[in-house]
Amino acid sequence: MAPPSSRRSGHSRRAQYSVFTGYVVAGIGALIGGVLLGISLWQPQAFAGLRNGASEVIAPTGEATTAVRSSGTGFFESISGYLKRGSEYAALKEEVELARVRLAEAEAVEQENARLKALLSLKDNDVEPVTVSRLVGSTSSSSRRFAYLGAGSADGVAIGQPVRSPRGVVGRVLEVSLNSARVLLLTDSESVLPVRRATDDVVAFAEGRGDGLLRIRLINLGINPLEVGDVFVTSGAGGYYRPGVAVAVLSEITDDGGIARLIADPAATDFVSVEPIWQPGAVDGAATPIELELDEETVGG
Numbered sequence: 001m002a003p004p005s006s007r008r009s010g011h012s013r014r015a016q017y018s019v020f021t022g023y024v025v026a027g028i029g030a031l032i033g034g035v036l037l038g039i040s041l042w043q044p045q046a047f048a049g050l051r052n053g054a055s056e057v058i059a060p061t062g063e064a065t066t067a068v069r070s071s072g073t074g075f076f077e078s079i080s081g082y083l084k085r086g087s088e089y090a091a092l093k094e095e096v097e098l099a100r101v102r103l104a105e106a107e108a109v110e111q112e113n114a115r116l117k118a119l120l121s122l123k124d125n126d127v128e129p130v131t132v133s134r135l136v137g138s139t140s141s142s143s144r145r146f147a148y149l150g151a152g153s154a155d156g157v158a159i160g161q162p163v164r165s166p167r168g169v170v171g172r173v174l175e176v177s178l179n180s181a182r183v184l185l186l187t188d189s190e191s192v193l194p195v196r197r198a199t200d201d202v203v204a205f206a207e208g209r210g211d212g213l214l215r216i217r218l219i220n221l222g223i224n225p226l227e228v229g230d231v232f233v234t235s236g237a238g239g240y241y242r243p244g245v246a247v248a249v250l251s252e253i254t255d256d257g258g259i260a261r262l263i264a265d266p267a268a269t270d271f272v273s274v275e276p277i278w279q280p281g282a283v284d285g286a287a288t289p290i291e292l293e294l295d296e297e298t299v300g301g
């Protein structure tokens with residue numbers, strides 16, 4: 001067996017040079033580092049310029065990294081905020097809907113209280129009503145205007161008695177049965193009611209037009225003194241209605257009077273009171289033929 005050669009190859013020599021060079025460089029680096037460390041400890045401000053220069057070199061890179069990090073954080077925060085605000089918006093929307101329902105219920109209760117107070121005021125008038133009842137229906141498609149009362153002769157209702165709501169006159173009883181009655185509304189084409197202007201003694205007739213409005217015809221023709229907004233009340237003439245009850249408000253001027261709308265709209269009326277005829281003697285006298293009156297006076301004389 002041949003003895004190993006004592007000579008090293010060129011490759012091994014290069015490896016030795018590399019190791020030696022590495023040691024030399026490491027030593028030089030350690031020496032330089034020790035010198036720099038000593039200088040930094042002895043003169044801390046000596047490398048301030050170098051540090052500042054290095055900071056300026058890496059500042060753009062740091063800013064870009066910070067911007068990317070901030071953008072990413074903002075993006076995720078935006079998604080998180082959107083999801084959170086979405087649930088909060090849904091909850092608030094539900095609360096608003098519930099509040100709207102509660103408000104509607106409160107308004108309904110308020111209206112019911114007002115209606116009950118108005119119903120009580122029907123019995124607080126100076127005139128004791130015959131009865132208080134509900135309007136159970138009315139005509140709407142016909143030119144005639146009637147309403148139906150949930151009370152009849154069993155409750156004391158009689159033909160000719162005035163019917164009024166808390167706001168004013170509605171009409172008068174036209175026909176009576178045992179437990180119901182038919183009411184001739186003021187807006188009927190056959191209805192004529194003596195009225196006067198509430199502020200003075202301008203008298204007129206309120207005639208129904210069959211369309212929900214009244215025609216105000218002045219008794220004294222000449223210069224029309226009426227103005228839009230004038231309120232008309234019952235005058236008491238005829239004997240059916242006691243004076244001073246609200247009837248209508250003038251909405252249009254005509255040559256002989258005007259057009260007025262009802263104050264007590266039957267369509268918006270729930271309960272009404274039936275009142276006794278204000279002057280039964282006057283009504284009976286008006287219904288008695290003049291010939292019969294003359295005969296009675298002759299016999300009596």
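Number 102 in this note's numbering belongs to position 102 of the sequence shown; there are no gaps in the numbering.
By construction, the Cβ of each residue, glycine as well, lies at the ideal position given by its N, Cα and C atoms.
As the structure is a prediction and not an experimental result, all values here were calculated from the model.
Legend entry - Supposed contact pair Arg197 and Phe146 - C-beta distance, whole angstroms, cut 8 Å: The Cβ separation is near 28 Å, so there is no contact.
Legend entry - Same chain, Cβ closer than 8 Å to Ala237, neighbours up to 5 away in sequence not counted: Pro194 and Val203
Inset, instruction - Report the three-state DSSP secondary structure of Ala246 (helix, strand or coil). - result: strand
Inset, instruction - Consult DSSP for Pro162 and reduce its assignment to one of helix, strand or coil. - result: strand
Inset, instruction - May I ask you to report which of helix, strand or coil DSSP gives Ala206? - result: strand
Legend entry - C-alpha gap between Val299 and Val176, whole angstroms: Confidence is the limiting factor: at Val299 the pLDDT is only 48, short of 50, which leaves the residue's position unreliable and the question unanswerable from this model.
Legend entry - 8 Å contact criterion, which Gln279 and Gly244 should meet: CB distance rounded: No, Gln279 and Gly244 are not in contact; Cβ-Cβ is about 14 Å, not under 8 Å.
Legend entry - Host beta strand (DSSP E) of Leu335 (start-end): Past the boundaries of the shown model lies residue 335; the chain is included only from 1 to 301, so the question cannot be answered.
Inset, instruction - Kindly indicate the opening and closing residues of the beta strand (DSSP E) around Gly171. - result: Val169 to Val176
Inset, instruction - Put Val233 into one of helix, strand or coil per three-state DSSP. - result: strand
Inset, instruction - Using the Cα positions of Leu135 and Leu92, report the straight-line distance between them to the nearest angstrom. - result: 43 Å
Legend entry - Burial state of Ala248 (16 or more Cβ within 10 Å): buried
Inset, instruction - Given a cut-off of 7 Å, decide if Gly171 and Val183 are closer than it, judged by their beta-carbon atoms. - result: yes
Legend entry - Residue closest to Leu178, alpha-carbon to alpha-carbon, out of Asp155, Ala246 and Asp188: Asp155
Inset, instruction - Output the distance between the C-alpha atoms of Gly219 and Asp256, rounded to the nearest integer angstrom. - result: The sequence given here places Ile at residue 219; Gly does not occur at that position. Rounded to the nearest angstrom, the two C-alpha atoms are 9 Å apart.
Inset, instruction - Taking only runs that begin and end inside the stretch 247-284, name each unbroken beta strand (DSSP E) of 3 or more residues, in chain order. - result: 257-262 and 271-274
Legend entry - Classification of Leu262 by the beta-carbon crowding that lies within 10 angstroms, buried from 16 upward: buried
Inset, instruction - Pull up the DSSP beta-bridge partners for Pro194, would you. - result: Phe205
Inset, instruction - Would you kindly check if the distance between the Cβ of Ile259 and the Cβ of Leu221 is under 7 Å? - result: no
Inset, instruction - Using three-state DSSP, classify Val157 as helix, strand or coil. - result: coil
Legend entry - Tyr148 - DSSP class collapsed to helix/strand/coil: strand
Inset, instruction - Answer yes or no: do Ser273 and Val132 have a C-beta to C-beta separation smaller than 7 Å? - result: yes
Legend entry - Sub-7 Å separation of Ala264 and Ser165 beta-carbons: yes
Inset, instruction - In the DSSP assignment, find the beta strand (DSSP E) that holds Val228 and state where it starts and stops. - result: Premise fails: Val228 is in no beta strand (DSSP E) and is neither H nor E.
Inset, instruction - Spell out the partners DSSP gives Arg14 in its beta bridges. - result: None, per the DSSP bridge assignment.
Legend entry - Neighbourhood of Tyr148 by C-beta distance below 8 Å, restricted to the same chain and skipping five residues each side: Leu135, Val136, Gly137, Ser138, Ser180, Ala181, Arg182 and Val183
Inset, instruction - Could you round the C-beta distance between Pro276 and Val163 to whole angstroms and report it? I think they count as a contact, below 8 Å. - result: Incorrect: roughly 12 Å between the Cβ atoms, too far for contact.
Inset, instruction - On a CA-only basis, which of Arg215, Leu226 and Gly160 is nearest Arg242? Give me that one, please. - result: Gly160
Legend entry - Same chain, Cβ closer than 8 Å to Phe205, neighbours up to 5 away in sequence not counted: Val192, Leu193, Pro194, Val195, Ile216, Arg217 and Ile219
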